[in-house]
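To start, the structure under review is shown below, and the notes come after it.
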Amino acid sequence: MTTDHVEPVGLNEECEREPGPSDSLRTFGAVVQALREHAGLSRAEFGELVRFSKHTVESVELGRRMPDGSFVERAEEALGNTGALRRSACFLTRGEAGLAAWFRQWARLERTAVSLCTYECRLVPGLLQSEGYARAVFEGTVPVAPDDQLESFMERRMERQRMLFERPTIPFSFIVEEHVFRRRFGSAGRMRELFDHVLELSAPRNVTLQIVPLQAGLHACLDGPMRLLETPKGQRLAYSEGQQNGRLISDPKEVSLLQQRYDTLRSQALNAQDSRGLLERLLGEL
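Be aware that the sequence shown starts at -15, since it is given in our numbering, and climbs by one per residue.
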């Protein structure tokens, strides 16, 4: 076993779709709720006192939102000036907002990986999504995400994309099915924005995008999307995701098999130049 062996995420303990708040946010929110209820105030009534909407109050109490200084000060005044909220606010830390629980460990590994490979057959990979496309994906989720969570999802999605520019010596490889780019999600203008965005992000020398054309037929990765990376210490890991779950794979034999499938698909997909040509043709057809 190598020193940087990574154990799979405990999915049975983290199966919620929405990102979990940090313990400090949960604790602070529970204290606010307890003091509010002790004062006999509804969320709407308390919201009027602190000059925030009842939805914001709810988000703070459930630990989904980091309260700003004005919320803390007004809540302190409205709930008896005990000093409890002011003091506890000093210890608040953000959770990994905007990430599903099962994806967080992989997202942390991405930040330091020395190579990253992604195969997608369902939707444009998150690292290549335009803002309009990402918003349409998040707005279409079931159950519907509250507005504050949707914005958190958007912020994290766009933040992750900066890796492509901030790490110019790290190779990023993407293989995406052609039908993913043909699926309409909005107006022609939004589709153009997506194609322009993907062409821009895949232009740097360290980023390779290959498209599997419709006429390619059956191929090596029909079992579903996957991601592969290599850590700074040389360990290879994989990740697969389905409905309401995700799996980090560290077993060397399984990772090797997935790497073989990915490498085979590389030879079955269009090369990078032809893939860009296909995207440009799709753009011209709009």
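Positions of the beta carbon are idealized from the N, C-alpha and C atoms, including for glycine.
No experiment lies behind these values; they were computed from the predicted model shown.
(Q) Please return the same chain residues whose Cβ sits closer than 6 Å to the Cβ of Ser72, not counting the five positions on each side in sequence. (A) Start at 1 with the first residue of the sequence shown, and residue 72 comes out as number 88. Result list for Ser72: Phe12, in chain order.
Q. Unbroken alpha helix (DSSP H) runs of length 4 or more, entirely within the stretch 221 to 255: which are they?
A. 236 to 252
**Q.** Alpha-carbon spacing of Val34 relative to Glu214, whole angstroms
**A.** Looking up residue 34 in the sequence shown gives position 50. Looking up residue 214 in the sequence shown gives position 230. Roughly 49 Å between the two C-alpha positions.
(Q) Please give me, in chain order, every unbroken run of the alpha helix (DSSP H) with length at least 4 that falls completely inside the stretch 3 to 85. (A) 7 to 22, 27 to 34, 38 to 45, 53 to 62, 68 to 73
Q. Which residue comes first and which comes last in the beta strand (DSSP E) that contains Phe156?
A. Here residue 156 is taken as the residue at index 172 of the sequence shown, counted from 1. Counting along the chain, the beta strand (DSSP E) containing Phe156 begins and ends at 156 to 161.
Q: Determine the burial state of Leu206: buried for a count of at least 16 other Cβ atoms within 10 Å of its Cβ, exposed for fewer.
A: Locating residue 206 in the sequence shown gives position 222, where the first residue counts as 1. Result: exposed.
Q: Measure the Cβ-Cβ separation of Arg27 and Val41 and say whether it is below 8 Å.
A: For the purposes of this step, residue 27 is taken as the residue at position 43 of the sequence shown. For the purposes of this step, residue 41 is taken as the residue at position 57 of the sequence shown. Going by C-beta atoms, Arg27 is nearer than 8 Å to Val41.
Q: Please name the residue or residues paired with Arg211 in a DSSP beta bridge.
A: For the purposes of this step, residue 211 is taken as residue 227 along the sequence shown, with counting starting at 1. In the DSSP output, where bridge partners are listed per residue, Arg211 has Thr102, Tyr223.
Q: Pull up the distance between the alpha-carbon of Ser54 and that of Leu69, whole angstroms please.
A: Translated into positions along the sequence shown, residue 54 becomes position 70. Translated into positions along the sequence shown, residue 69 becomes position 85. Using only the alpha carbons, I get a separation of about 12 Å.
(Q) Just to confirm my understanding: we take Ile159, look at its own chain, exclude 5 residues before and 5 after, and list those with CB closer than 6 Å. What are they? (A) In the sequence shown, the residue the question calls residue 159 occupies position 175. Taken in chain order, the residues that qualify are Tyr103, Gln194, Leu249, Ala253.
Q: Compute the distance between the beta-carbons of Cys74 and Val164, then report whether it is under 8 Å.
A: For the purposes of this step, residue 74 is identified with residue 90 of the sequence shown, where counting begins at 1. For the purposes of this step, residue 164 is identified with residue 180 of the sequence shown, where counting begins at 1. Cβ atoms of Cys74 and Val164: not closer than 8 Å.
Q) What is the DSSP secondary structure of Leu266, counted as helix, strand or coil? A) Taking the sequence shown and counting its residues from 1, the one referred to as residue 266 is at position 282. If DSSP states are grouped into helix, strand and coil, Leu266 belongs with the helices.
Q. Can at least three beta-carbon pairs, one atom from the stretch 251 to 270 and one from the stretch 177 to 197, be found at a separation below 8 Å?
A. yes
(Q) Cutting at 6 Å between CB atoms, please list the residues of its own chain near Ala200, excluding the five before and the five after it. (A) By one-based count along the sequence shown, residue 200 stands at place 216. Cβ within range, chain order: Gln252.
(Q) For Leu193, report the span of its beta strand (DSSP E) as first-last. (A) Taking the first residue of the sequence shown as 1, we reach residue 193 at position 209. Counting along the chain, the beta strand (DSSP E) containing Leu193 begins and ends at 191 to 196.
Q) Going along the chain, which residues of its own chain have a beta-carbon closer than 8 Å to the beta-carbon of Val239, five neighbours each way excluded? A) Numbered from its first residue, the sequence shown carries residue 239 at position 255. Leu212, Arg220, Leu221, Ala222, Ile233.
Q: On a CA-only basis, which of Val108, Val15, Pro236, Leu112 is nearest Glu143? Give me that one, please.
A: For the purposes of this step, residue 143 is taken as residue 159 along the sequence shown, with counting starting at 1. For the residues Val108, Val15, Pro236, Leu112, the minimum Cα distance to Glu143 belongs to Leu112.
Q. Where do the N-terminal and C-terminal ends of the alpha helix (DSSP H) with Gly170 fall, by residue?
A. By one-based count along the sequence shown, residue 170 stands at place 186. Premise fails: Gly170 is in no alpha helix (DSSP H) and is neither H nor E.
**Q.** Nearest-angstrom beta carbon gap, Thr192 and Ala256 [assumed within contact, 8 Å]
**A.** By one-based count along the sequence shown, residue 256 stands at place 272. By one-based count along the sequence shown, residue 192 stands at place 208. Yes, they are in contact, since the Cβ atoms of Ala256 and Thr192 sit about 5 Å apart, within 8 Å.
Q) Taking Cβ to Cβ, would you say Phe169 is nearer than 8 Å to Ala204? A) Your numbering for residue 169 matches position 185 in the sequence shown. Your numbering for residue 204 matches position 220 in the sequence shown. For Phe169 and Ala204, no; Cβs fall outside 8 Å.
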